[in-house]
Structure formats: structure tokens, C-alpha cells
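**Q**
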Amino acid sequence: MKIFDGKQCVTALKANLKQKIEELPENKRKPKLAALLVGDLAASQLYVKNKVKTCEEIGMISEVIRAEENISHNDLLEIIYRLNSDETVDGYIVQLPLPKQIDESKILLAIDPKKDVDGFHPHNLGLMLLGLETFVPATPKGIMSILKSEKIKTAGAHCVVIGRSNIVGTPMALLLSRKGIDCTVTLVHSQTKNIKEFCASADILIAAIGKANFVTADMVKDGAVVIDVGINRIDDPSTPKGYRVVGDVDFEHVKEKASFITPVPGGVGMLTVISLIENTWMSFCRTENIANG
Ligand SMILES: NC(=O)c1ccc[n+]([C@@H]2O[C@H](COP(=O)([O-])OP(=O)(O)OC[C@H]3O[C@@H](n4cnc5c(N)ncnc54)[C@H](OP(=O)(O)O)[C@@H]3O)[C@@H](O)[C@H]2O)c1
Numbered sequence: 001m002k003i004f005d006g007k008q009c010v011t012a013l014k015a016n017l018k019q020k021i022e023e024l025p026e027n028k029r030k031p032k033l034a035a036l037l038v039g040d041l042a043a044s045q046l047y048v049k050n051k052v053k054t055c056e057e058i059g060m061i062s063e064v065i066r067a068e069e070n071i072s073h074n075d076l077l078e079i080i081y082r083l084n085s086d087e088t089v090d091g092y093i094v095q096l097p098l099p100k101q102i103d104e105s106k107i108l109l110a111i112d113p114k115k116d117v118d119g120f121h122p123h124n125l126g127l128m129l130l131g132l133e134t135f136v137p138a139t140p141k142g143i144m145s146i147l148k149s150e151k152i153k154t155a156g157a158h159c160v161v162i163g164r165s166n167i168v169g170t171p172m173a174l175l176l177s178r179k180g181i182d183c184t185v186t187l188v189h190s191q192t193k194n195i196k197e198f199c200a201s202a203d204i205l206i207a208a209i210g211k212a213n214f215v216t217a218d219m220v221k222d223g224a225v226v227i228d229v230g231i232n233r234i235d236d237p238s239t240p241k242g243y244r245v246v247g248d249v250d251f252e253h254v255k256e257k258a259s260f261i262t263p264v265p266g267g268v269g270m271l272t273v274i275s276l277i278e279n280t281w282m283s284f285c286r287t288e289n290i291a292n293g
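The numbering of the sequence shown is the working numbering, which starts it at 1 and goes up by one.
Following this line, the structure appears as C-alpha cells:
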């Protein structure tokens, strides 16, 4: 059994991008990622901070645009339009969730698809559905990088994805079923009957639910590949913070059955930021007519 080393994988991906940026001609501008942060939610601030830090490490420019929690829908749209027309910005993200007074779907629709590096715009989701080059949402993209870097055999494998969210489960199921990846995919959710049986037949099991330790050892086939997307806080008085972060998979028991497993923390989550930044690089290459090698 192998436990995935997210840090090692990300270090390699970062080094690859850093080198590409370093090799840009001196007279060429550097790629730039912007992040729009509304309000002061601690988790959102932390996510944006990680994105900025990664940009700095690889030599990409980043900018954080902060807006007050009580910003009006129209004022937020104004910021979006400004980012759309700012030629120095290759891609930007609107950190979710947004405050109640904002219509999230209208904001996401206003993002220029050419700068939608989160890949949430219907235009980009449509391109992905057709198998055309586009910005793939960061978490599924990161999981595809894991499967590729670990040389996990996907052709003909039965893959069960638990969870059907627009940002993880649904795009994941789609990507795995594409020609060239060739998994046979089952997508299960809260209304699925016999979920245990489905999971136990999976060669590749991907859990994106948001429920601590949901996947137990009896739900996993011997030798399966187990990818844990979940991020859940559970109380743990023995830690200084009083809690710890666990995934959707009962790691300690499932690792005894799996042939490969991603831990939480230190697994899929490590790949999400670099995948977003890879999308920004792709946007930069399109604008600057650079082969995205
Ligand atoms: N590592 C990362 O970088 C990363 C990125 C994104 C998300 N996450 C984490 O991944 C988890 C999932 O995120 P998300 O945004 O996809 O969550 P979400 O939007 O809440 O979707 C959860 C999905 O799980 C399904 N589900 C809930 N309870 C279930 C049950 N008892 N049996 C079967 N399916 C069940 C839901 O089914 P219904 O559709 O029927 O309600 C839904 O499709 C969360 O812990 C989140 O924090 C991690």
C-alpha cells in the first residue's frame, strides 16, 4: 500500500511552473492571478493567503482585491467588470462563499470565461463536457494530476465517485469517463440505494461528501485506489486547537485494504492551489501566444 505524498507531488509541479516563468523573455510581463475576497471569513482569508503564497514562490504576480461584507451586488459587479477588462490580469477567482445579499450565480456568470481560472463558468464547463481544452475546476484537475503522476491505471477501471457537487463530484465523474482516461464511472449521492455495495465494487473510489470517516473499510475492495477529497473538522481535546482535520475516509482502517490512498491533510488539498495556478499559466499562454508546454 502506498500513501500519497501531496507535498512531494506539489513541489514537482511548482518547480515545473517556476522554471517556465523564469524562462520567459526579460521583456515579457509575468502572469498574474487576482483574487476577489468579500468579507473577512477566516477560512476564505486562509485560502486566498495560500494562493498568494504559491504565486510568490513560483514567480507569478498576485493581487488580492478586498470588498466589505456589506458590498452591494452592483458594486461587486463593477469590480468584476474591472477585472474582466484589466489586461494585466490573466485569471481571477471570486472566493466563495459570498454574503447573502449577493446572487452568487449572477456573479459567476459575469466573469469573463477567458479569465475564469476556477472553471465554474457554464462556457468552460461546456467545453469540458465536449472534451475541449478549457479551465478544469481545480480539485478534479488536481485529482487527475495525482492519477497521472502515480501512473494509476484508469482504462477499464470501475470508478465510484461519492458526491455530485458542481465543483468536485460531477466534473470528476465526467473527466474520468472521457476517452483516453476510459474509466467506467458510477456517481453516487445521498439518494443512492446500496451505496456500500457500489463502493465495494470500485477499483478507484473517490470520496467528496463532507462527512468525517464516511467511507469505512467494509466499503472498500482489496487493492482499491482511494482518493479522499473531504475536509472535516472533528473535536480533539488532545490537540492544542481542540480539533483536527480528517477526510471522508476512515484512513486508519481503509489504508489496510487499499493499494493507494490519499491522506487528509497532505493529500488532494495540496493539489488544489497549484491546479488553479496552472490554469492561470494556461490563460497567460493563450493571451501571449506561448505554446503551453
Ligand atoms: N481538498 C480540497 O481541495 C477540497 C476542495 C473542495 C471541497 N473539498 C471538501 O470535499 C467535501 C465535499 O465538498 P463539495 O463542495 O463537493 O460538497 P457539497 O457541495 O456539500 O456536496 C456533497 C455531496 O455529497 C453527497 N452526500 C452527502 N451526504 C451523503 C451521504 N450520506 N451519502 C452519499 N452522498 C452524500 C451530497 O449528495 P446530494 O447531492 O444528494 O445532496 C452531495 O452531492 C467537503 O468536505 C469539502 O470541504 C475539498
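Built from N, CA and C at the ideal position, the CB exists for glycine as well. This structure is a prediction, so every number in the text was calculated from the model and none was measured.
1. For the alpha helix (DSSP H) that Ile-143 lies in, which residues bound it at each end?
2. For the alpha helix (DSSP H) containing His-54, list its first residue and its last residue.
3. If you follow the alpha helix (DSSP H) that Ala-173 is part of, which residue opens it and which one closes it?
4. What is the rounded straight-line gap between the Cα of Asn-232 and the Cα of Leu-33?
5. Is it the case that the Cβ atoms of Val-52 and Ser-62 are separated by a distance below 7 Å?
6. How about Ile-209: is its Cβ closer than 6 Å to a heavy atom in ligand 1?
7. Check this for me: beta carbons of Phe-120 and Asn-279, under 7 Å apart or not?
8. Leu-36 lies in the beta strand (DSSP E); which residues open and close that run?
9. For the segment 192–200 and the segment 102–116, state whether three or more C-beta atom pairs, one from each stretch, are separated by less than 8 Å.
10. On the DSSP bridge list, what partners appear for Lys-301?
11. Is Thr-216 near ligand 1, in the sense that its beta carbon is under 6 Å from a heavy atom of that ligand?
12. Determine the extent of the beta strand (DSSP E) in which Cys-183 is found, giving its start and end residues.
13. Are Ala-202 and Ala-224 close, meaning C-beta to C-beta below 7 Å?
14. Answer with buried or exposed for Pro-237, where buried requires no fewer than 16 other C-beta atoms within 10 angstroms of its C-beta.
15. Say the cut is 6 Å; is the CB of Thr-262 nearer than that to a heavy atom of ligand 1?
16. If we call anything under 7 Å between Cβ atoms a contact, is Val-168 one with Thr-139?
17. Any contact of the segment 7–24 with the segment 65–73, i.e. 3+ C-beta pairs under 8 Å?
18. Straight-line CA distance for Asp-248 to Val-268?
19. Run the proximity test for Ile-167: is its beta-carbon closer than 6 Å to any non-hydrogen atom belonging to ligand 1?
**A** Quick answer:
1. Along the sequence shown, read from residue 1 onward, the residue named residue 143 stands at position 143. From DSSP, the alpha helix (DSSP H) with Ile-143 extends over 138–149.
2. Working through the sequence shown from its first residue, we reach residue 54 at position 54. Note that residue 54 is Thr in the sequence shown, not His. Following the DSSP letters along the chain, one finds Thr-54 inside the alpha helix (DSSP H) bounded by residues 42–58.
3. Numbered from 1 along the sequence shown, position 173 holds the residue referred to as residue 173. 169–177 is the extent of the alpha helix (DSSP H) around Ala-173.
4. As a first step, residue 232 must be located in the sequence shown, where it is residue number 232. As a first step, residue 33 must be located in the sequence shown, where it is residue number 33. Going from the Cα of Asn-232 to the Cα of Leu-33 covers about 28 Å.
5. Walking along the sequence shown from the start, residue 52 turns up at place 52. Walking along the sequence shown from the start, residue 62 turns up at place 62. For Val-52 and Ser-62, yes; Cβs fall inside 7 Å.
6. Your numbering for residue 209 matches position 209 in the sequence shown. In this structure, Ile-209 has its beta carbon less than 6 Å from a heavy atom of ligand 1.
7. Sequence index remark: in the sequence shown, residue 120 carries index 120 (1-based). Sequence index remark: in the sequence shown, residue 279 carries index 279 (1-based). Contact: no.
8. Indexing the sequence shown from 1 puts residue 36 at position 36. Where Leu-36 is concerned, the enclosing beta strand (DSSP E) stretches over 32–38.
9. No, the segment 192–200 is not in contact with the segment 102–116.
10. In the structure displayed, the chain extends from 1 to 293; residue 301 sits before or after that span and is not available.
11. On the sequence shown, residue 216 is found 216 positions in, with the first residue counted as 1. No, the Cβ of Thr-216 stays beyond 6 Å of every heavy atom of ligand 1.
12. On the sequence shown, residue 183 is found 183 positions in, with the first residue counted as 1. No beta strand (DSSP E) contains Cys-183, which DSSP labels as neither H nor E.
13. For the purposes of this step, residue 202 is taken as the residue at position 202 of the sequence shown. For the purposes of this step, residue 224 is taken as the residue at position 224 of the sequence shown. With respect to Ala-224, Ala-202 sits close: the two C-beta atoms are nearer than 7 Å.
14. Indexing the sequence shown from 1 puts residue 237 at position 237. Exposed: under 16 other Cβ atoms inside 10 Å.
15. Locating residue 262 in the sequence shown gives position 262, counting from the first residue. Within 6 Å of the C-beta of Thr-262 there is not a single heavy atom belonging to ligand 1.
16. For the purposes of this step, residue 168 is identified with residue 168 of the sequence shown, where counting begins at 1. For the purposes of this step, residue 139 is identified with residue 139 of the sequence shown, where counting begins at 1. Cβ distance < 7 Å, so Val-168 and Thr-139 count as in contact.
17. With a cut-off of 8 Å, the segment 65–73 and the segment 7–24 do not count as touching, because too few Cβ pairs lie within range.
18. Along the sequence shown, read from residue 1 onward, the residue named residue 248 stands at position 248. Along the sequence shown, read from residue 1 onward, the residue named residue 268 stands at position 268. If I take the Cα positions, the gap works out to 12 Å.
19. One-based indexing of the sequence shown puts residue 167 at position 167. Ile-167 Cβ: within cutoff of ligand 1.
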